[in-house]
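Residue numbers (our numbering): 2 to 222. Structure first, commentary second.
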Amino acid sequence: MLRLLIAGAAAIMPQTLKKFLYRTLFGWEIAPGVKIGFSFISARSVQIGENVRIGHLNIFRNVDKIALARDVVIGNCNYFVGASSGTKFYSTKAERVTNTLSIGDESAVTHQHIIDVTGGVHIGSFATIAGYRTTILTHSIDLEENKQSVAPVHIGDYTFIGTNCVLLKGSRLASRCILAAGSVHTSGSTDEGSLYGSGIAKNIKKVEHLAYFSRTQGEVL
Numbered sequence: 002m003l004r005l006l007i008a009g010a011a012a013i014m015p016q017t018l019k020k021f022l023y024r025t026l027f028g029w030e031i032a033p034g035v036k037i038g039f040s041f042i043s044a045r046s047v048q049i050g051e052n053v054r055i056g057h058l059n060i061f062r063n064v065d066k067i068a069l070a071r072d073v074v075i076g077n078c079n080y081f082v083g084a085s086s087g088t089k090f091y092s093t094k095a096e097r098v099t100n101t102l103s104i105g106d107e108s109a110v111t112h113q114h115i116i117d118v119t120g121g122v123h124i125g126s127f128a129t130i131a132g133y134r135t136t137i138l139t140h141s142i143d144l145e146e147n148k149q150s151v152a153p154v155h156i157g158d159y160t161f162i163g164t165n166c167v168l169l170k171g172s173r174l175a176s177r178c179i180l181a182a183g184s185v186h187t188s189g190s191t192d193e194g195s196l197y198g199s200g201i202a203k204n205i206k207k208v209e210h211l212a213y214f215s216r217t218q219g220e221v222l
């Protein structure tokens, strides 16, 4: 409880004091140049690379490990949540619950997304979760077995997720893919360098020669 209270107080503190508390009281690794807005971060282990920017009103709750590589950008009003260790769900699925978020170099999560990290969410380098209101779920009910099921979600390097998409547990988007706005991606892998779209994401065509896939700066202006 004390840790949560400190995390809540730190959320509204100035940059210098906030990072000092994170480093000294929580033992988090925060590199130079990091900027953290008015966001609530509750996690056991945190590694933040150089020049990472985290905006305002983000919530990180019940996350065991956060690993953000250099120049990652997280916008505003995003919700990252894992399974609470005090729940029955956690006790029955503990071997598969990782509560882990990892994001590679120069990737971005824009605004108002909901990301369930219970089974682990792993985003590669130079990837973008764009627009608004994309939902990533790493656990759900297995209707055939009538029990909760957990599986990680993987998003490859240079992959672009359009606005208002849904990625379900076990989803794997290969590198240099596009998931069109409003698409639903279920469990399973995809082919590299492809555009996926429609209600249930399908391989529409190969998309190999786009400037986005070879950019050397994460931010797209």
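Here a beta-carbon is modelled for each residue, glycine too, at the ideal position from N, C-alpha and C.
Query: Pair within 9 Å by beta-carbon distance, I104 and H114; Result: no
Query: One or two residues paired with F161 in a DSSP bridge; Result: T129 and I179
Query: Cutoff 6 Å; reference G121; Cβ partners in own chain excluding five residues on either side; Result: T99, T101 and P153
Query: Neighbourhood of A109 by C-beta, 6 Å cutoff - its chain only, sequence neighbours within 5 removed; Result: V74 and T129
Query: C-beta contact flag for S43 and L3 at 9 Å; Result: no
Query: Rounded C-alpha distance that separates S141 from V151; Result: 7 Å
Query: Extent of the continuous alpha helix (DSSP H) to which T135 belongs; Result: It is not in any alpha helix (DSSP H) - T135 carries neither H nor E in the DSSP assignment.
Query: Cβ distance (whole Å) where K82 is taken to contact R54 below 8 Å; Result: Here the sequence assigns Val to residue 82, which means Lys is not the residue at that position. No, V82 and R54 are not in contact; Cβ-Cβ is about 21 Å, not under 8 Å.
Query: Residue range of the beta strand (DSSP E) that includes S195; Result: S195 to G198
Query: Beta carbon of L138 nearer than 9 Å to that of L169; Result: yes
Query: contact_flag[the segment 32-43, the segment 5-20] where n(CB pairs < 8 Å) is 3 or more; Result: yes
Query: Alpha helix (DSSP H) segment containing Y91, residue limits; Result: K89 to K94
Query: Short Cβ contact (9 Å threshold) for T111 with G132; Result: yes
Query: Under 9 Å between C-beta atoms of K66 and R97; Result: no
Query: Helix, strand or coil at K170 according to DSSP, with G and I counted as helix; Result: coil
Query: Boundaries of the beta strand (DSSP E) in which R4 is found, first to last residue; Result: Careful: R4 lies outside any beta strand (DSSP E), inside the alpha helix (DSSP H) at L3 to A12.
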